[in-house]
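Working notes, structure below.
Protein chains: 2
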Amino acid sequence: MKSLVSRCPIEEVMQILSGRWPTLLIYYLKQGTKRFSDLRRDNPTISHKMLTLELRKLEDAGIVERTEFEGYPLRVEYQLTPAGHRLVPLIDALGDWWETTSDTSAHPGSTDAEAAVSNTASRD
Amino acid sequence: MKSLVSRCPIEEVMQILSGRWPTLLIYYLKQGTKRFSDLRRDNPTISHKMLTLELRKLEDAGIVERTEFEGYPLRVEYQLTPAGHRLVPLIDALGDWWETTSDTSAHPGSTDAEAAVSNTASRD
DNA sequence: AGTAAATTACGCACCTTTTTGTAACCACGA
DNA sequence: TCGTGGTTACAAAAAGGTGCGTAATTTACT
């Protein structure tokens, strides 16, 4: 399924972090332990299926740990592994870089003609 | 153009860096100025369409600068902007993080089950 | 000399592949 | 029956590949 055979570690990380969900999920999970339904509440635009898929991917990557509790309505908890926690500041650094760049002198001539992406009114 | 309407800068960066090409292209561009055809030679599996699209995206993001020279067979050169150069170590850090983590016995994506599934015989 | 071909960096249209969404279903016990 | 976490099948959408056309000028062939 995901035997990454790329010569370059960067390619491998990007394979895991690419897409809109991985970093978002990590962002929410750094707040602490979350259950499946918590994460769905955190970002309501992710579909049930995507959430399972992405969580599985992060699990396989050793970023997230899944803990299943016996019980009536089956409870599962997700949390960052130590490696996952070490990843957080690196992701944050990217965010900082972006803020700095857009701030200073990056893309000046932004013809933001086709901006208008529908904002799904979720909030932080 | 960075007309991304997300509340979170991390989401915005990931929108740019997601996929297999952006970081690869940055990787090659950090070696210096490259022409379109150079980049195609650097990684021959990218199609000309993808290369133009990705370069355009990186340009809009202020990571890459495009210089067009007048002339017969039209020459165009690409190079990292200062912001692009500042991005490089951050990406490298992700690569380092991945190497470190995979080292500490995490998630080698190859559970024997799935290893059996895909034999990497003739894969592009 | 005249015409055809090649070169470089694309744009565009068409088609395939991959990813993602939708929805229905499973199990369990209150 | 509901709610939990999850799977599967199918449909829609997005990503990506292929190949042709274009510009302007040099070179290659006849």
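Protein chains in written order, with the working numbering: chain V, 109 to 232; chain A, 109 to 232.
For every residue, glycine included, the Cβ atom is placed at its ideal position computed from N, Cα and C.
Any C-beta of chain A under 9 Å from that of residue i
i	result
residue 116 of chain V	yes
residue 130 of chain V	yes
residue 136 of chain V	no
residue 122 of chain V	yes
residue 198 of chain V	yes
residue 119 of chain V	yes
residue 194 of chain V	yes
Classification of residue i by the beta-carbon crowding that lies within 10 angstroms, buried from 16 upward
i	result
residue 147 of chain A	buried
residue 91 of chain A	Here chain A has residues from 109 to 232 only, and residue 91 of chain A is not among them.
residue 189 of chain V	buried
residue 120 of chain A	buried
residue 161 of chain V	exposed
Residue i at chain V interface by Cβ criterion, 9 Å
i	result
residue 125 of chain A	yes
residue 162 of chain A	no
residue 202 of chain A	yes
residue 215 of chain A	Any reading at residue 215 of chain A is ruled out, since the residue's pLDDT is 44, under 50, leaving its predicted position unreliable.
Cβ pair residue i, residue j closer than 9 Å
i	j	result
residue 238 of chain A	residue 141 of chain A	Any answer about residue 238 of chain A is impossible in this case: the structure gives chain A only from 109 up to 232.
residue 124 of chain V	residue 169 of chain V	yes
residue 128 of chain A	residue 183 of chain A	no
residue 137 of chain V	residue 203 of chain V	no
residue 131 of chain V	residue 122 of chain A	yes
residue 133 of chain A	residue 205 of chain V	no
residue 116 of chain V	residue 135 of chain A	yes
residue 145 of chain A	residue 126 of chain V	no
Residue i Cβ short of 8 Å to the ligand ZN heavy atom set
i	result
residue 168 of chain A	Annotation note on the ligand ZN: not contained in the displayed structure, which lists no ligands.
To be precise: take each residue of the segment 176-191 of chain V, compare its Cβ to all Cβ atoms of chain A, and keep it if any distance is under 8 Å. Which residues remain? Residues of the segment 176-191 of chain V with a C-beta less than 8 Å from any C-beta of chain A: 189 and 191, listed in chain order.
For the segment 156-172 of chain V against the segment 159-167 of chain A, are there 3 or more C-beta pairs whose distance is under 8 Å? Because the criterion of three Cβ pairs below 8 Å is not met, the segment 156-172 of chain V and the segment 159-167 of chain A do not touch.
Could you run through the segment 139-171 of chain A and flag, in chain order, every residue whose CB is less than 9 Å away from some CB of chain V? Residues of the segment 139-171 of chain A with a C-beta atom less than 9 Å from some C-beta of chain V are 167, 168, 169, 170 and 171, listed in chain order.
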